[in-house]
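*Asks:* Numbering follows full-length UniProt numbering, in which position 173 of the sequence shown is assigned residue number 173; successive positions increment by one, without gaps.
Cβ atoms here follow ideal geometry from the backbone N, Cα and C, with glycine treated the same way.
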Amino acid sequence: MEKIYFIVNPNAKNGSCREIWRNIEIELENLDIAYLAFFTEYPGHAQELAESLARKAAGNPEVIAAVGGDGTLHEVVNGAASYPNITIGFIPGGSGNDFSRGFFIPKKSADALSLIIDKRNGSPEEIDIGKIHNDELQETYFMNNMGVGFDAAVAKDSNESRMKALLNRVSLGRLVYVYILVKKLLTFRTFPIEVTVDGKMYKYSKAWFVTVSNQPYYGGGMKIAPAALPDDGILDITVVHRISRLKLLLVFISVFWGKHTKFQEVEQYTGKSITIESNSKVLAHADGEAIGHTPLKVQACPKALNIISGKSNQGHTEELKMNDCH
Numbered sequence: 001m002e003k004i005y006f007i008v009n010p011n012a013k014n015g016s017c018r019e020i021w022r023n024i025e026i027e028l029e030n031l032d033i034a035y036l037a038f039f040t041e042y043p044g045h046a047q048e049l050a051e052s053l054a055r056k057a058a059g060n061p062e063v064i065a066a067v068g069g070d071g072t073l074h075e076v077v078n079g080a081a082s083y084p085n086i087t088i089g090f091i092p093g094g095s096g097n098d099f100s101r102g103f104f105i106p107k108k109s110a111d112a113l114s115l116i117i118d119k120r121n122g123s124p125e126e127i128d129i130g131k132i133h134n135d136e137l138q139e140t141y142f143m144n145n146m147g148v149g150f151d152a153a154v155a156k157d158s159n160e161s162r163m164k165a166l167l168n169r170v171s172l173g174r175l176v177y178v179y180i181l182v183k184k185l186l187t188f189r190t191f192p193i194e195v196t197v198d199g200k201m202y203k204y205s206k207a208w209f210v211t212v213s214n215q216p217y218y219g220g221g222m223k224i225a226p227a228a229l230p231d232d233g234i235l236d237i238t239v240v241h242r243i244s245r246l247k248l249l250l251v252f253i254s255v256f257w258g259k260h261t262k263f264q265e266v267e268q269y270t271g272k273s274i275t276i277e278s279n280s281k282v283l284a285h286a287d288g289e290a291i292g293h294t295p296l297k298v299q300a301c302p303k304a305l306n307i308i309s310g311k312s313n314q315g316h317t318e319e320l321k322m323n324d325c326h
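This is the structure in structure tokens:
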């Protein structure tokens with residue numbers, strides 16, 4: 001590979017990602033590493049840039065590294081997921097950085113850059129991703145998780161909150177999720193929903209949320225799906241229903257340690273094909289970004305994305321049959 005392509009969100013973490021990039025650029029020049037950098041200017045731009053770079057690669061192996069938060073990475077993945085010759089790297093520069101936790105990416109930008117440089121010519125890690133289809137955005141991929149209901153509402157309000165910018169200035173941006181969660185807990189109304197997992201239907205009359213996970217973490221470190229593995233060919237589904245507001249708060253406190261699964265109101269399943277339907281439209285998110293509403297279909301895409309991870313290539317050695325995710 002001749003060079004590394006960087007897609008930088010300079011506005012991530014209230015603009016502090018600019019300083020992160022300046023340090024990365026100095027290190028790249030000191031190491032005489034060939035690179036090209038592109039800067040996002042509006043929502044969705046990272047996806048456009050990634051797709052354009054992937055298309056121009058014309059089947060040749062290339063590394064595209066996202067510099068920003070999980071939202072930036074989500075866009076880059078959606079731009080490059082249909083191109084098997086592309087390997088995705090990540091330098092965390094956001095407030096949540098759940099991808100870093102799930103895929104062993106170093107917190108320090110210099111260490112994350114070293115990981116990309118060291119592994120750019122090696123064998124990438126092949127991970128699963130999820131594909132969502134609904135009537136509003138057609139198809140959307142996610143690498144961390146997606147959800148409908150309470151967690152989608154919290155994610156949307158967190159992204160739009162002015163407090164997030166203030167907390168990012170003191171490196172506490174992830175706390176905005178907790179603040180919005182508690183605030184939303186007082187007003188959110190449960191909803192009836194049907195979840196079908198590999199052909200088996202489950203009905204819930206008073207659901208709080210449904211989350212479909214590819215790896216354990218979401219919401220800035222919450223271990224929502226403790227058993228989720230990103231390379232097992234299946235997705236982990238978590239449903240929380242018929243629970244009081246006070247008890248739900250206890251669920252969210254325990255979720256940081258993955259202990260929420262002991263509550264009887266928390267149900268978990270695994271599967272490859274999931275349908276989520278409701279009588280009225282319920283807000284949905286993918287990797288913390290609003291993507292529309294129910295109804296929607298979710299499909300596991302085994303080994304569909306190449307990434308540079310801090311994890312050694314262990315995991316599952318069995319061959320998983322590729323489906324029609326692309």
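Would a C-beta distance cut-off of 7 angstroms place G258 and K223 closer than the cut-off?
*Replies:* Yes, Cβ-Cβ distance for G258 and K223 is below 7 angstroms.
*Asks:* Measure from the C-beta of I7 to each C-beta in chain D and report whether the shortest distance is under 7 angstroms.
*Replies:* No chain D is part of this structure, which consists of one protein chain only.
*Asks:* Could you compute how far the alpha carbon of S278 sits from the alpha carbon of F90?
*Replies:* S278 and F90: Cα-Cα distance of roughly 36 angstroms.
*Asks:* Determine the closest residue to Y141 out of P61, G79, H45 and H260, with distance taken between C-alpha atoms.
*Replies:* The shortest C-alpha separation from Y141 is found at G79.
*Asks:* Can you have a look at V182 and say buried or exposed, based on whether 16 or more other CB atoms are within 10 angstroms of its CB?
*Replies:* Classification for V182: exposed.
*Asks:* Pull the bridge partners of L283 from the DSSP assignment, please.
*Replies:* According to DSSP, which records beta bridges pairwise, L283 is partnered with H293.
*Asks:* Taking the alpha carbon of V67 as the point to measure from, which residue in I33, L53 and E19 has its own alpha carbon closest?
*Replies:* With distances taken between Cα atoms, V67 lies closest to E19.
*Asks:* Can you find at least 3 beta carbon pairs, one from the region 282-300 and one from the region 53-62, that sit closer than 8 angstroms?
*Replies:* Cβ pair count under 8 angstroms is below three, so no.
*Asks:* Would you list, in sequence order, the uninterrupted beta strand (DSSP E) runs of no fewer than 3 residues that lie entirely inside the UniProt domain "DAGKc" (1-136)?
*Replies:* If we require 3 residues or more, the beta strand (DSSP E) runs fully inside the UniProt domain "DAGKc" (1-136) come out as 4-8, 35-39, 62-68, 86-92 and 125-134.
*Asks:* Could you tell me the boundaries of the beta strand (DSSP E) in which E160 lies?
*Replies:* Where E160 is concerned, there is no enclosing beta strand (DSSP E), although the alpha helix (DSSP H) it sits in stretches over F150 to E160.
*Asks:* Which first and last residues belong to the alpha helix (DSSP H) in which S254 is found?
*Replies:* It spans R245 to S254 - the alpha helix (DSSP H) in which S254 sits, taken as one unbroken run.
*Asks:* Whole angstroms is fine: what's the gap from K3's alpha carbon to A37's?
*Replies:* When rounded, the distance between both Cα atoms is 10 angstroms.
*Asks:* Below 8 angstroms on the Cβ atoms is my guess for F209 versus V148; work out the distance and round it to an integer in Å.
*Replies:* About 7 angstroms; that satisfies the 8 angstroms criterion.
*Asks:* DSSP on L235, reduced to helix/strand/coil?
*Replies:* DSSP places L235 in strand when its eight states are reduced to three.
*Asks:* With a cut-off of 8 angstroms on the beta carbons, I'd call V240 and L248 a contact; round off their distance for me.
*Replies:* Confirmed, Cβ separation roughly 7 angstroms.
*Asks:* Based on the DSSP output, what are the partners of T140 in its beta bridges?
*Replies:* Bridge partners of T140: I132.
*Asks:* Report yes if the CB atom of I274 is closer than 7 angstroms to the CB atom of T294, and no otherwise.
*Replies:* For I274 and T294, no; Cβs fall outside 7 angstroms.
*Asks:* Would you check if the distance between the CB atom of I307 and the CB atom of E125 is smaller than 7 angstroms?
*Replies:* Cβ distance < 7 angstroms, so I307 and E125 count as in contact.
*Asks:* P43: buried (16+ other C-beta within 10 angstroms of its C-beta) or exposed?
*Replies:* P43 is exposed by the Cβ-count criterion.
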